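Reviewing the structure listed below.
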Amino acid sequence: MATLTELCHSHTKLDSDQVSHLQNLTAIWGLLADLSFADLLLYGMDSSHSENTLVLLGHIRPTTGTTIYRADMIGQTFESRQRPLITDCFNEEKDIDGLIQAGPDRENSVRAIPVRLGDQVIAVLARERVHSTDKASSVLERTYRRVFHRFVEMIERGEFPYREEERLRHRTPRVGDGLLLVDDQGLIEFASPNAVSALHRLGMHRAAVGSRLEETNLGSAMLRQAFARRTAVIEEATHGTEVVVVSHCLPMLDKRSATGAIVLLRDVTDLRRRDRELVSKDTTIREVHHRVKNNLQTISSLLRLQSRRLKTEEARAAVEESVRRISAISVVHETLAQSAEDDAEFTEIVRLLVRLVEETVSLPERPLRFSVEGEGGTLPSQVTTTLAVVVTELLQNAVDHGYAQPNLSSKETSGNVIIQIDRRPEGLNIQVIDDGIGLPEGFEIEKAQGLGLTIVRTFIEGELGGSLTLKPVNKASGAIAEVQVPASRLLGPWDDAQEPEV
Ligand SMILES: Nc1ncnc2c1ncn2[C@@H]1O[C@H](COP(=O)(O)OP(=O)(O)OP(=O)(O)O)[C@@H](O)[C@H]1O
Ligand SMILES: [Mg+2]
321 MATLTELCHS HTKLDSDQVS HLQNLTAIWG LLADLSFADL LLYGMDSSHS
371 ENTLVLLGHI RPTTGTTIYR ADMIGQTFES RQRPLITDCF NEEKDIDGLI
421 QAGPDRENSV RAIPVRLGDQ VIAVLARERV HSTDKASSVL ERTYRRVFHR
471 FVEMIERGEF PYREEERLRH RTPRVGDGLL LVDDQGLIEF ASPNAVSALH
521 RLGMHRAAVG SRLEETNLGS AMLRQAFARR TAVIEEATHG TEVVVVSHCL
571 PMLDKRSATG AIVLLRDVTD LRRRDRELVS KDTTIREVHH RVKNNLQTIS
621 SLLRLQSRRL KTEEARAAVE ESVRRISAIS VVHETLAQSA EDDAEFTEIV
671 RLLVRLVEET VSLPERPLRF SVEGEGGTLP SQVTTTLAVV VTELLQNAVD
721 HGYAQPNLSS KETSGNVIIQ IDRRPEGLNI QVIDDGIGLP EGFEIEKAQG
771 LGLTIVRTFI EGELGGSLTL KPVNKASGAI AEVQVPASRL LGPWDDAQEP
821 EV
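All you need for the working numbering is the position in the sequence shown, starting with 1, plus 320.
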């Protein structure tokens, strides 16, 4: 659907000042629709068509009544005979009231209001509702309609929307929030039930009507400011440690002098409490992350201490390997804790893991180059953690078994390890390719006894439902370890998980 600005540009000759006036109007007109209990439609003169064609620039439905238009008509154009009252209003530049036959037994009451800016009518605002002869209405209804008419007069004089809009820090008010009507002296003439409740919450227990606005805790400067600046003023009032009420004060003007105001009160206590709870949850999560990281570090240092006391080389190596595995988990953990969401870019994590392995093998007699290729996208944190351990094991194997043979000359111990990551529709594919001495004669992955590949297979086959293969590189030395994880396991718990078709 086209926006108001787009429609103005494509259909009308309105300049940017005029368009922004209409934008200001539609930013606040929900309130007017509520006050009039009717649909509001904004028509512009369509200059791209023949004379007297109208274009519907906007439409808003009331929250206080039923709409007469279910369909969305924004952007439609109308010939003048289809909308005679609107056309007359444009031509005569004055307010026109009338009835329109809307069906065999239904008439709509239409009021066409010229929207003026400077001395020009730039659009027509139509208030449309089902015509009813039923005169019975409540005080609230009558008051709201009267307030609506006062705003209508301001629109016709070009005094509303206000030229200087206080930019919407808050959602635009609707009358359901609670409405106070005050006169030019600040005396409250009317208070809607929700407004009375909001005032109670602010600690005011005597009757609102007849009191002065200054006596309500709502901020005494608000009304004075609104009258002086001839624009809406937004204030926040608090009571005790909890209650927060946001009030919008809209002055009513007649040729630049203030005749009264409406104040819309919105109790945002619950919203604020929820905000605070979210913030504190967020800090708790951060704190937990921090502790997990510290705990992992403590475990690593304990193991390192222990390995120093061990006498046998084999035992020491085993413990050091555990330290390495824990480091891999910590790297992932830290990255996940830092990223705003739960998911982190997988390739980034692999780069960090590579650096970790590089640090442990950066001996001058073993110059190895690692490169990471492809994109893995983001993965759920659990999958990332599992794959991080897997990738670390495969990298370590390439280093340990591909290049670490003492009987090799130094020339042959330099090498390249490539990590290829490929996100395909059927899943994630990771290959760790080395150009080392290759797999031992008669190697069978099923029979491999090492802890490394056992961990990898348990994680990949058991936890992720994927597969692992280890094979020689064609016509060259080296080994390729390939891991495949099906797409169905790469979805987070909140993704629109769809089981793949069998
Ligand atoms: N990239 C590789 N190049 C050559 N041989 C490999 C490679 N990866 C694995 N292997 C072979 O597979 C065997 C099993 O590996 P695995 O990771 O399970 O155990 P490990 O590395 O010997 O011990 P650890 O438990 O410390 O990882 C290795 O001993 C090695 O012979
Ligand atoms: Mg290993």
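Quick reminder that beta carbons are idealized off the backbone N, C-alpha and C, glycines included. Bear in mind that the values here come from a model prediction, so they are computed numbers and not experimental data.
Is the separation between the beta-carbon of residue i and that of residue j shorter than 8 Å?
{"i": "His329", "j": "Val375", "result": "no"}
{"i": "Thr383", "j": "Asp354", "result": "yes"}
{"i": "Trp349", "j": "Leu360", "result": "yes"}
{"i": "Ala708", "j": "Leu673", "result": "yes"}
{"i": "Val579", "j": "Asp504", "result": "Strictly speaking, residue 579 in this sequence is Thr, with Val absent from that position. Cβ distance < 8 Å, so Thr579 and Asp504 count as in contact."}
{"i": "Ala541", "j": "Ala528", "result": "no"}
{"i": "Asp415", "j": "Ile433", "result": "yes"}
{"i": "Ala411", "j": "Leu419", "result": "The sequence as given places Asn at residue 411; Ala does not occur at that position. Cβ distance not < 8 Å, so Asn411 and Leu419 don't count as in contact."}
{"i": "Arg550", "j": "Tyr482", "result": "yes"}
{"i": "Leu585", "j": "Val565", "result": "yes"}
{"i": "Gln702", "j": "Gly772", "result": "no"}
{"i": "Leu352", "j": "Phe471", "result": "yes"}
{"i": "Leu788", "j": "Leu699", "result": "no"}
{"i": "Ser512", "j": "Leu570", "result": "no"}
{"i": "Thr536", "j": "Val563", "result": "no"}
{"i": "Gly498", "j": "Leu533", "result": "no"}
{"i": "Arg624", "j": "Val643", "result": "yes"}
{"i": "Ser567", "j": "Phe468", "result": "no"}
{"i": "Ala358", "j": "Arg447", "result": "yes"}
{"i": "Gly378", "j": "Thr346", "result": "yes"}
Provide the residue(s) that pair with residue i in DSSP beta bridges, ordered along the chain.
{"i": "Leu688", "result": "Gly735"}
{"i": "Ala322", "result": "Paired residue(s): none; Ala322 is not in a bridge."}
{"i": "Arg477", "result": "Answer is none; Arg477 lacks a bridge partner."}
{"i": "His568", "result": "Ile554, Leu584"}
{"i": "Ile750", "result": "Ile741, Val803"}
{"i": "Thr397", "result": "Val375"}
{"i": "Val441", "result": "Arg436"}
{"i": "Pro792", "result": "Ala799"}
{"i": "Ile416", "result": "Ala432"}
{"i": "Gln421", "result": "Glu427"}
{"i": "Asp574", "result": "Ser577"}
{"i": "Arg449", "result": "Ser429"}
{"i": "Glu693", "result": "Gln740"}
{"i": "Ser370", "result": "Per DSSP, none; premise fails for Ser370."}
{"i": "Val563", "result": "His559"}
{"i": "Thr698", "result": "Glu665"}
{"i": "Ser825", "result": "The requested residue 825 does not occur in the structure, where the chain is confined to residues 321 to 822."}
If I follow the unbroken beta strand (DSSP E) through residue i, where does it start and stop?
{"i": "Pro806", "result": "799-806"}
{"i": "Arg809", "result": "Looking at the DSSP string, Arg809 is not in any beta strand (DSSP E), and its letter there is neither H nor E."}
{"i": "Asn537", "result": "Premise fails: Asn537 is in no beta strand (DSSP E) and is neither H nor E."}
{"i": "Ser429", "result": "426-437"}
{"i": "Arg509", "result": "First, the residue type needs correcting, since residue 509 is Glu and not Arg in the sequence shown. Looking at the DSSP string, the run of the beta strand (DSSP E) that includes Glu509 is 508-511."}
{"i": "Val502", "result": "499-503"}
{"i": "Asp392", "result": "From DSSP, Asp392 is part of no beta strand (DSSP E); its letter is neither H nor E."}
{"i": "Leu362", "result": "359-366"}
What span of residues does the alpha helix (DSSP H) with residue i cover, start to end?
{"i": "Val776", "result": "771-777"}
{"i": "Gln702", "result": "701-717"}
{"i": "Gly762", "result": "Unbroken run through Gly762: none, as it is neither H nor E."}
{"i": "His341", "result": "336-356"}
{"i": "Gln402", "result": "Segment: none, Gln402 is in no alpha helix (DSSP H) and carries neither H nor E."}
{"i": "Ala637", "result": "633-658"}
{"i": "Arg611", "result": "589-629"}
{"i": "Arg483", "result": "No alpha helix (DSSP H) holds Arg483; DSSP gives it neither H nor E."}
{"i": "Ala527", "result": "No alpha helix (DSSP H) contains Ala527, which DSSP labels as neither H nor E."}
{"i": "Arg381", "result": "It is not in any alpha helix (DSSP H) - Arg381 carries neither H nor E in the DSSP assignment."}
{"i": "Ala546", "result": "541-549"}
Under a CB-based cut-off of 8 Å, is residue i close to chain C?
{"i": "Met572", "result": "Absence of chain C from the displayed structure is noted, only one protein chain being present."}
Give a yes or no on contact between the stretch 451-466 and the stretch 548-558, applying the rule of three or more CB pairs nearer than 8 Å.
-> no
Mind the definition here: the stretch 764-772 touches the stretch 688-701 only if three or more C-beta pairs lie below 8 Å; say whether that holds.
-> no
With a cut-off of 8 Å, do at least 3 Cβ pairs link the stretch 643-650 to the stretch 710-726?
-> yes
The stretch 780-793 touching the stretch 735-744, judged by at least three CB pairs closer than 8 Å = no
Okay, do the stretch 573-592 and the stretch 535-549 touch, 3+ Cβ pairs below 8 Å being the bar?
-> yes
When the Cβ atoms of the stretch 746-762 are set against those of the stretch 787-801, are three or more pairs found closer than 8 Å?
-> yes
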